[in-house]
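Engineer: Numbering (the working numbering), first residue to last: -17 to 85. Cβ coordinates follow ideal geometry from the N, Cα and C atoms, glycine included.
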Amino acid sequence: IDVVRGIGGVWAHLFGAGREKKIYAVPPFTDAQPLCFEDIPFRVEDFNDVDGKRRPCHRCGSTTSFLDEFLDEQGNCLYQCSDSDYCNTMLMEAKEDNHAANS
């Protein structure tokens, strides 16, 4: 959630923590600030390469999903969809499209 835009409005915010089996609520008009750390400042993730193009998922090729960053055995950065179900769905759709094109 974007704290600056989202919190402090006339509505309440509810957050679910499934593993903890709890629901947290932020009342209307609550002033909130993002957590700040001195050693590593917060920054918005940027998945663009040096040319400004969006990096694709190395599994399914999606350029619209949120990505996780991994290192392979050689130390190279790989980017993969953070939602594995979405990634698997994209892979299945690509296989179906290839099968239909080759039929």
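Thinking C-beta only, is residue 64 closer than 8 Å to residue 145?
Structural biologist: The question about residue 145 has no answer here: the residues shown for the chain are numbered -17 through 85.
Engineer: So what does DSSP say about residue 18, is it helix, strand or coil?
Structural biologist: Coil at residue 18, not helix or strand.
Engineer: Quick check on DSSP: helix, strand or coil for residue 74?
Structural biologist: DSSP places residue 74 in helix when its eight states are reduced to three.
Engineer: Out of 59, 36, 11, 80, which one is the CA nearest neighbour of residue -8?
Structural biologist: Checked all of 59, 36, 11, 80; the closest Cα to residue -8 is 11.
Engineer: Got a sec? Which residues, its chain only, sit under 8 Å from residue 44 by beta carbon, not counting five neighbours each side?
Structural biologist: Answer for residue 44: 38, 63, 68, 69, 72, listed in chain order.
Engineer: Hey, residue 40 and residue 60: beta-carbon distance below 8 Å or not?
Structural biologist: In contact: residue 40 and residue 60 (Cβ atoms closer than 8 Å).
Engineer: DSSP three-state call for residue 82: helix, strand or coil?
Structural biologist: Of the three classes helix, strand and coil, the one that applies to residue 82 here is helix, per DSSP.
Engineer: For residue -2, write down the residues that DSSP places opposite it in a beta bridge.
Structural biologist: Residue -2 pairs with 5.
Engineer: Kindly identify the DSSP beta-bridge partner or partners of residue 52.
Structural biologist: Its beta-bridge partners are 60.
Engineer: Quick one: using the 10 Å Cβ neighbour count with 16 as the cut-off for buried, is residue 42 buried or exposed?
Structural biologist: Buried, since its Cβ has 16 or more Cβ neighbours within 10 Å.
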